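A quick write-up on the structure given underneath.
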Amino acid sequence: MEIRQLEYLVLVAQERSFTRAAARGNVAQPALSRQIAKLEAELGLPLVDRTTRRVSMTPAGIAMVGHAERVLAELEAARALAARATAVLTGRVELGVTTTPGSIDVPALLAEFHARYPDVDLIVREDLSVRLVDALRADRLDLAFISGVAPGARERLTLRPLARDPLLVVVGESHRLADRDAIRVADLRDERFVAFPPGATIREAVARAAQEAGFTPRVSFESAETARTRAIVAHGLAVAVLPQSDALAPGPAVVALPFRDVELHHDLFVATRTGRRLSPAAAAFLRGVSS
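For the sequence shown, the positions run 386 to 676 when my numbering is used.
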């Protein structure tokens with residue numbers, strides 16, 4: 386059974402004439418008749434009643450036409466889907482990534498998208514979430530992986546939640562707090578901190594918790610790289626607060642401790658500017674990460 390045979394059968398049923406069906410199908414009438422006959426031979430049933438001047442369908446033909454119409458409709462839908470997919474095989478996606486993507490494996494997402502759409506250029510810019518949201522609003526980025534920025538920084542943005550990571554205190558193995566099961570924020574009053582740059586979501590969260598505990602964190606080191614932060618902590622130079630996925634990842638030997646008296650989380654979102662019409666490539670990337 387061939388698709389063209391089903392198409393010809395539907396044309397004959399609609400036109401009630403081999404001549405008109407052949408004209409509509411842009412095929413010679415003898416060729417159309419042969420294909421219908423081949424279909425009937427394959428099924429072992431007459432589909433077209435040729436005993437009268439006006440061509441009509443047999444009961445089996447009527448049932449087969451209904452089936453053929455459904456098959457052809459599904460085929461057309463598949464062709465349309467393929468056409469939409471082809472539309473995103475080229476283009477460019479400007480993507481922002483927070484310096485602390487936590488449990489989101491951004492390289493894996495990029496690799497998966499590239500495997501599906503190898504001709505789409507992915508331009509990735511890493512920065513603090515507070516700067517990425519400004520770039521989104523200015524249309525310098527199509528979309529961005531950001532952390533849970535303050536409500537005031539979310540203006541004119543649409544945020545789709547992706548993951549939530551607990552924040553843990555990270556200390557060196559010989560640190561005075563290393564043998565604790567959990568610690569209070571106040572236990573960090575006299576500690577030196579290695580923190581993310583000013584404006585970073587995690588730094589702001591730690592500062593608020595410390596303020597409620599009656600002190601201001603003493604920041605002695607600043608780094609936007611979690612690996613360097615852990616190295617500083619491992620050498621006993623400071624403590625840090627990191628997402629659980631970063632605190633427990635392979636790397637310099639450190640001890641990760643939960644907070645006892647507060648619940649601090651690192652929320653991850655994929656963000657776009659509200660109302661922005663994304664390119665087909667950017668829309669495909671967004672569907673892939675938010676589905």
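Where is the CB? At the ideal position from N, CA and C, for every residue including glycine.
This structure is a prediction, so every number in the text was calculated from the model and none was measured.
Validate contact between the stretch 661-668 and the stretch 606-616 using beta carbons, cut 8 Å, 3 pairs: no
Cβ-Cβ distance between Ala634 and Ala641 below 7 Å: no
Per-residue DSSP class, three states only, for Val580: According to the sequence provided, residue 580 is Ala. The question's Val does not apply to it. In the structure shown, Ala580 sits in a strand (DSSP, three-state: E or B).
Selected residue, minimal CA-CA separation from Arg435, among Phe403, Arg516 and Glu454: Phe403
Separation of Ala580 from Val702, as counted between CA atoms: The chain is shown from 386 up to 676; residue 702 falls before or after that span and cannot be answered.
Of the residues Ala453, Ala406, Pro582 and Gly557, the one placed nearest Thr485, counting alpha carbons only: Measuring C-alpha to C-alpha distances from Thr485 to each of Ala453, Ala406, Pro582 and Gly557 identifies Pro582 as the nearest.
C-alpha gap between Pro444 and Ala398, whole angstroms: 12 Å
His620 - containing beta strand (DSSP E), residue span: His620 -> no beta strand (DSSP E), and no H or E assigned at all.
Beta-carbon proximity of Leu424 to Gln390, cut-off 7 Å: yes
Secondary structure of Thr475, DSSP reduced to three states: Taken through DSSP and simplified to helix, strand or coil, Thr475 comes out as coil.
Complete runs of the alpha helix (DSSP H) confined to the stretch 416-448 [at least 4 residues]: none
Burial state of Arg561, where buried means 16 or more other Cβ atoms lie within 10 Å: exposed
Where Leu517 falls, given that 16 or more other Cβ within 10 Å makes a residue buried: Its Cβ being crowded by 16 or more others within 10 Å, Leu517 is buried.
For Ser488, three-class secondary structure by DSSP: coil
Under 7 Å between C-beta atoms of Ser514 and Ser532: Using a Cβ distance threshold of 7 Å, Ser514 and Ser532 count as a contacting pair.
Reduced DSSP secondary structure (H/G/I, E/B, other) of Phe679: Residue 679 is absent from the model: the chain starts at 386 and stops at 676.
Exposed unless 16 or more other CB atoms sit within 10 angstroms - verdict on Leu428: exposed
Three-state secondary structure assigned by DSSP to Val640: strand
Among Gly410, Ser418 and Leu671, the one whose alpha carbon lies nearest that of Arg545: Leu671
Close-in-space but distant-in-sequence residues of the same chain around Val647 (CB under 7 Å, 5 per side omitted): Val570 and Ala594
Cα-Cα separation, Leu553 to Ala500: 35 Å
Beta-bridge partners of Ile508, as assigned by DSSP: Glu479
Beta-bridge pairing of Ile388 - partner residues as DSSP gives them: Looking at the DSSP assignment, Ile388 forms no beta bridge with any residue, so it has no partner.
N- and C-terminal bounds of the beta strand (DSSP E) containing Thr586: Careful: Thr586 lies outside any beta strand (DSSP E), inside the alpha helix (DSSP H) at Thr586 to Glu597.
Whether Gly557 touches Val618 by CB criterion (7 Å): yes
Buried versus exposed, by CB contacts within 10 Å (16 or more), Ser630: buried
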